[in-house]
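Engineer:
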Amino acid sequence: MKNVKINWPNKESSNSTPGVDWLKAAHDANIEIPTGCLGGSCGACEIEVNGVVVRACIATVPNEKELNVEFFSDPYW
Ligand code: FES
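To get the numbering used here, take the position in the sequence shown, counting from 1, and add 5.
(1) Quick one: Cα of N15 to Cα of N73, how far?
(2) Using a Cβ-Cβ cutoff of less than 8 Å, which residues in the same chain neighbour T40 once the five nearest sequence positions on both sides are dropped?
(3) With a threshold of 16 other CB atoms inside 10 Å of the CB of S21, please say whether the residue is buried or exposed.
(4) So does S46 have its beta carbon nearer than 8 Å to some heavy atom of the ligand FES?
(5) Which residue wins for smallest C-alpha separation from P23, given the options E75, E69 and F77?
(6) Just to check my reading of the structure: V58 and V9 have Cβ atoms closer than 8 Å, yes? What is that Cβ distance to the nearest angstrom?
(7) Exposed or buried, F76, counting other C-beta atoms within 10 Å across all chains shown (16 or more means buried)?
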């Protein structure tokens, strides 16, 4: 069930499912999170979720009603 509302830095929002990989949730919303190692060590994929920094390549969408995502490096906007 897609019951997590995600607000992206480009002001778009999407709905996702708790436990989904962040990279997939972003991809589904046509958002590209910059990545590097995909193993949790380089930090290229870091995003801020409700003010908490997570590494998107090794983290999943938490079970919350609504999430506000910010990017640190933003090549697109
Ligand atoms: S891509 Fe390197 S920490 Fe996520």
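We treat Cβ as the ideally placed atom computed from N, Cα and C, and that holds for glycine.
Structural biologist: The relevant details are as follows:
(1) Position 10 of the sequence shown, counting from 1, holds the residue named residue 15. Position 68 of the sequence shown, counting from 1, holds the residue named residue 73. Between N15 and N73, the alpha-carbon positions lie close to 11 Å from each other.
(2) Numbered from its first residue, the sequence shown carries residue 40 at position 35. Taken in chain order, the residues that qualify are L28, A49, C50, A61 and C62.
(3) What you label residue 21 is simply residue 16 of the sequence shown in a count that begins at 1. By the Cβ-count criterion, S21 is buried, with 16 or more other Cβ atoms from all chains shown falling within 10 Å of its own Cβ.
(4) In the sequence shown, residue 46 corresponds to position 41, counting from 1. Between the ligand FES and the CB of S46, the shortest heavy atom gap is smaller than 8 Å.
(5) Your numbering for residue 23 matches position 18 in the sequence shown. P23 has its Cα closest to that of E69, out of E75, E69 and F77.
(6) The sequence position of residue 58 within the sequence shown is 53, counting from 1. The sequence position of residue 9 within the sequence shown is 4, counting from 1. Their Cβ separation, rounded to whole angstroms, is 18 Å, which puts V58 and V9 out of contact at 8 Å.
(7) Numbered from 1 along the sequence shown, position 71 holds the residue referred to as residue 76. With 16 or more other Cβ atoms from the protein chains shown falling within 10 Å of its own Cβ, F76 counts as buried.
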